[in-house]
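Colleague: Note that this note's numbering has the sequence shown beginning at 18, numbered continuously upward. Beta carbons: idealized from backbone N, C-alpha and C, even for Gly. I have a structure here, written as structure tokens, and I will follow up with some questions on it.
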Amino acid sequence: MVEGDGVHVPLNLAAHYPGTAEPGPSGNAVYYAHAQPGMFLGLYRLHLGDPVRVVQRDGTAMTFHVAAFKRVAFNDRSVLAPTPFGELTLLTCTSYDPYTPRFIVIAT
Numbered sequence: 018m019v020e021g022d023g024v025h026v027p028l029n030l031a032a033h034y035p036g037t038a039e040p041g042p043s044g045n046a047v048y049y050a051h052a053q054p055g056m057f058l059g060l061y062r063l064h065l066g067d068p069v070r071v072v073q074r075d076g077t078a079m080t081f082h083v084a085a086f087k088r089v090a091f092n093d094r095s096v097l098a099p100t101p102f103g104e105l106t107l108l109t110c111t112s113y114d115p116y117t118p119r120f121i122v123i124a125t
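In structure tokens form, the structure reads like this:
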């Protein structure tokens, strides 16, 4: 796990968007990883209600459940907005072209 905006993320790591919340009972925790095996390729197979388990750096785990799917433009920053409740936002690419839409999974 690294801090980063998703543009220069190594292929084998997920990035936590700076300025977004850590996973918890409040705030929007936003993560990006490339759509490749072992990273976020599996996001495309999720269904509404599926559990998403997050293990924090200190070893504590939280479970969120998939609530929505979206596609947004590569430069759409609305998915980074804070929330008053705990939300997990996972972003991945839809092709190798950096200007294509992003696939988003929102879990609460």
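Do the CB positions of V122 and V83 come within less than 7 Å of each other?
Modeller: yes
Colleague: To the nearest angstrom, how far is it from the Cα of A31 to the Cα of V19?
Modeller: 6 Å
Colleague: Would R94 and L108 be called neighbours here (beta carbons separated by less than 7 Å)?
Modeller: No; because the gap between Cβ atoms is not below 7 Å, this pair is not in contact.
Colleague: What's the C-alpha gap between T117 and A50?
Modeller: 15 Å
Colleague: Comparing C-alpha positions only, which one of V71, P115, D22 sits nearest to G103?
Modeller: V71
Colleague: Round the Cβ separation of T125 and F81 to the nearest angstrom and send it over; I've been treating them as touching at under 8 Å.
Modeller: Sure, about 6 Å apart at Cβ, within 8 Å.
Colleague: Between which residues of its own chain and G21 is the CB-CB distance below 8 Å, once the five residues before and five after are set aside?
Modeller: A32, H33, Y34, P35, Y49
Colleague: Hey, does P99 have any beta-carbon neighbour from chain C nearer than 7 Å?
Modeller: Among the chains in the structure shown there is no chain C, since it carries only a single protein chain.
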